[in-house]
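Some notes on the structure that comes next.
Numbering (the numbering used here), first residue to last: 664 to 1053.
Given below as structure tokens:
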């Protein structure tokens, strides 16, 4: 009975972590145009700021699995809280582009540490219906994304600048820290994740490489869609701040709804076939938004519904097929996701926006989506069919 109670508390804790993560991560959809105006920077420089965050995240996820095995899951959460708080406060006390980049690296490291820690936690407590539970878990990320522009708008209404949207986030981090103090974490000795394994050993498994590539492209697509939507609507369609907030809010409402619906239906399908279908629908929606009149911008918001289902379902597939060294594999795939963020969603898209215009730059998201479909199809056909994995 006590174990069931602890599991319920940890489930609530995991949901709270991913909710706060979703709020802070998705603030950039609203504040990116404000950062660009405040620092008088071009698309490439804005992309570098976003990439700085992703670089910090890469540092944390690349070593996160090993840190968890070395110092324990609970202490790793404390590391994440410390660096996240430092960066969130730092943003309000700087006014130079270079210092903002450094703050974003630190923020990325802190939030990335919380990300790999929370994903490792749920891999240990979600033992049944992984597809359903992972979509519910990431549903709270979508709720955070929906709340992010609302939270930012409230901050702006009190005459605070965009920096305050980050700095007030320390309140959320502090509450999570207090929650962590009373949580009883799973005994690591009962997990198959205790053996210290080098990353190069894990990477010898071709399935890990395929999952890493799929995560990289999927994250590049998901983050790119939300990060550059505000800039696209501002520069191509000349939308107001209120209109941009509306389209972003609809994106995350549908993002949240998508994960809710996925949690109800995903167990009826092969996980990887499900991902192929949702990614194809995402690509079609992007295409319609790009070629249609301004009113078709709603299709950009609709992409949130379909792309929301990808990340948790791919993770559920990964949790099913891998048992040993899962924290290291989680760290490797999250690192790949961060690389997708820094290279695909931010740097490459920002560069293409400068070179080709933001309409064509935003359209590169379709190529990312087609890449996900190809990788998942390959994995399902050549690796999954021959195993017991669905």
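Ideal Cβ placement from N, Cα and C applies to all residues, glycine included.
Contacts around residue i, its chain only, beta-carbon distance under 6 angstroms, and the 5 residues preceding and following it disregarded
i, result
"residue 1010", "710, 714"
"residue 913", "964"
"residue 1041", "none"
"residue 622", "A query on residue 622 cannot be resolved here, the shown segment of the chain reaching from 664 to 1053 and no further."
"residue 1033", "none"
"residue 985", "992"
Nearest-angstrom Cβ-Cβ length linking residue i and residue j, presumed shorter than 8 angstroms
i, j, result
"residue 689", "residue 982", "With a Cβ gap of about 25 angstroms, residue 689 and residue 982 do not count as contacting."
"residue 925", "residue 781", "Their Cβ separation, rounded to whole angstroms, is 19 angstroms, which puts residue 925 and residue 781 out of contact at 8 angstroms."
"residue 919", "residue 805", "4 angstroms"
"residue 775", "residue 883", "No, residue 775 and residue 883 are not in contact; Cβ-Cβ is about 16 angstroms, not under 8 angstroms."
Between the CA atoms of residue j and residue i - distance to the nearest angstrom
i, j, result
"residue 768", "residue 738", "21 angstroms"
"residue 848", "residue 787", "10 angstroms"
"residue 651", "residue 732", "Not covered by the structure: residue 651. The range shown for the chain is 664 to 1053."
"residue 686", "residue 1037", "31 angstroms"
"residue 699", "residue 757", "15 angstroms"
"residue 670", "residue 722", "30 angstroms"
"residue 937", "residue 944", "11 angstroms"
"residue 1005", "residue 963", "21 angstroms"
"residue 779", "residue 997", "7 angstroms"
"residue 704", "residue 760", "9 angstroms"
"residue 1026", "residue 1019", "11 angstroms"
"residue 927", "residue 891", "30 angstroms"
"residue 1049", "residue 672", "Low confidence applies to residue 1049: its pLDDT is 46, below 50, so where it sits in the model is not reliable, and the reading given next is rough at best. For residue 1049 and residue 672, the distance between alpha carbons rounds to 38 angstroms."
"residue 1051", "residue 976", "With a pLDDT of 42 at residue 1051, under the threshold of 50, the modelled position of that residue is not reliable, and no figure is offered here."
"residue 753", "residue 868", "41 angstroms"
"residue 734", "residue 819", "40 angstroms"
"residue 830", "residue 822", "14 angstroms"
"residue 763", "residue 695", "13 angstroms"
"residue 969", "residue 959", "17 angstroms"
"residue 730", "residue 741", "12 angstroms"
"residue 972", "residue 728", "25 angstroms"
"residue 1053", "residue 1043", "Low local confidence applies: a pLDDT of 41 at residue 1053 is under 50, so the model's placement there is unreliable, with the coordinate-based value given in what follows. Roughly 9 angstroms between the two C-alpha positions."
"residue 955", "residue 837", "45 angstroms"
"residue 961", "residue 951", "9 angstroms"
"residue 1001", "residue 724", "8 angstroms"
Nonlocal neighbours in the same chain, by C-beta distance under 8 angstroms from residue i, ignoring five residues either side
i, result
"residue 906", "896"
"residue 957", "900"
7 angstroms CB neighbourhood of residue i in its chain, flanking five on each side removed
i, result
"residue 679", "839, 842"
"residue 1061", "Lying before the first or after the last residue shown, residue 1061 is absent from the chain, which here runs from 664 to 1053."
"residue 979", "793, 794, 797, 934"
"residue 1016", "706, 1024"
"residue 875", "995, 996, 999"
"residue 770", "716, 719, 747, 750, 751"
"residue 801", "681, 922, 974, 975"
"residue 893", "692, 693, 695, 696, 907, 911"
"residue 917", "964, 965, 967, 968"
"residue 846", "672, 673, 676"
"residue 784", "673, 677, 736"
Which runs of the alpha helix (DSSP H) spanning at least 4 residues fall entirely within the segment 972-1033, listed in chain order? 973-984, 989-1002, 1012-1019, 1021-1026
Uninterrupted beta strand (DSSP E) stretches inside the segment 756-797 (no shorter than 3 residues): none
Sequence ranges, alpha helix (DSSP H) only - wholly within the segment 884-963, length at least 4: 904-928, 934-954
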